[in-house]
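If you use our numbering, the sequence shown corresponds to residues 35 to 156, in order.
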Amino acid sequence: MNHAIARVTATSAALDMIAALRDRHGPLMFFQSGGCCDGSTPMCYPAGEFSISDTDVYLGNLDGTPFYMGREQFEYWEHTQLIIDVVEGNGGMFSLDNGTGRRFLTRSRLFSDEELAMLQPA
Numbered sequence: 035m036n037h038a039i040a041r042v043t044a045t046s047a048a049l050d051m052i053a054a055l056r057d058r059h060g061p062l063m064f065f066q067s068g069g070c071c072d073g074s075t076p077m078c079y080p081a082g083e084f085s086i087s088d089t090d091v092y093l094g095n096l097d098g099t100p101f102y103m104g105r106e107q108f109e110y111w112e113h114t115q116l117i118i119d120v121v122e123g124n125g126g127m128f129s130l131d132n133g134t135g136r137r138f139l140t141r142s143r144l145f146s147d148e149e150l151a152m153l154q155p156a
């Protein structure tokens with residue numbers, strides 16, 4: 035049986051923070067920043083507040099919260115699983131984690147050859 039491998043996952047701490055932000059702000063979405071104002075950080079927004087275009091790639095859901103990345107950036111990360119975590123610090127200027135004393139952080143690992151063979155197209 036061929037099981038799909040997740041392109042994006044989250045630690046339990048990140049899932050807890052997503053749930054807390056969802057309780058406060060309603061449905062959410064993520065966009066992996068490409069390094070402009072807030073560096074390369076996962077940005078959390080109220081669902082629909084950040085415009086997704088044809089040049090963005092849907093990577094998957096984190097507890098029902100969609101996660102996107104720009105296609106050009108995805109070309110560098112397509113062989114890598116993104117692992118969203120939470121650490122102490124200030125969130126991105128426009129991200130909902132700003133002001134909580136914690137921020138989302140992207141960790142990563144390379145997919146194995148076997149996992150690459152099981153990946154669904156993005």
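We put the beta carbon where it would ideally sit given N, CA and C, even for glycine.
Note that the coordinates shown come from a computational prediction; the quantities given were computed from them, not determined experimentally.
- Per the C-alpha coordinates, the member of Tyr79, Thr89, Trp111 positioned closest to Pro100 is Tyr79.
- Residues of the same chain with a CB within less than 8 Å of the CB of Met51, apart from the 5 flanking positions on each side, are Val120, Asp131, Thr134, Arg136, Phe138 in chain order.
- By the neighbour-count criterion, in which 16 or more other beta carbons inside 10 Å mark a residue as buried, Gln66 falls on the buried side.
- A Cβ-Cβ contact shorter than 9 Å links Leu116 with Leu93.
- About 6 Å separates the beta carbons of Ala156 and Phe108, which is inside the 8 Å limit, making them a contact pair.
- Nearest neighbour of His59 by Cα position, chosen from Gly82, Thr43, Ala40, Val42, turns out to be Gly82.
- Under DSSP, Arg136 shares a beta bridge with Glu122.
- When the alpha-carbon of Ala54 is set against those of Ser142, Asp97, Ile39, Ala38, the nearest one is in Asp97.
- Taking the CA atoms as reference points, Ser142 sits about 14 Å from Ile39.
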